Amino acid sequence: MILRPNESQEQLLKRFRKKVVKSGVLSTVRRKRWFISKSELRRLEQKKAIRRMKRRQMSRASE
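Residues in the sequence shown are numbered consecutively from 1, following the UniProt record's numbering.
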């Protein structure tokens, strides 16, 4: 990344961080840090889906 005219280094760093988060590089690195078998991955995804459904039901109940 190149420093734009009249841009501070803090602004450049903030712009860089946003770009990294948006690209999903960090989440990919964290996910691939350790090997997870296919069955374990399926189980985790299922757990996430259940949690999402529960959250949606709770938000609908509060409305």
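Glycine included, C-beta positions come from ideal geometry on N, C-alpha and C.
All figures in this text were calculated on a predicted structure; none of them were measured in a lab.
I need the boundaries of the alpha helix (DSSP H) containing residue i, first residue and last residue.
i: serine 62; result: 38-62
State the DSSP-derived secondary structure class of residue i, mapped to helix, strand or coil.
i: phenylalanine 16; result: helix
i: leucine 3; result: coil
i: arginine 31; result: helix
i: serine 8; result: coil
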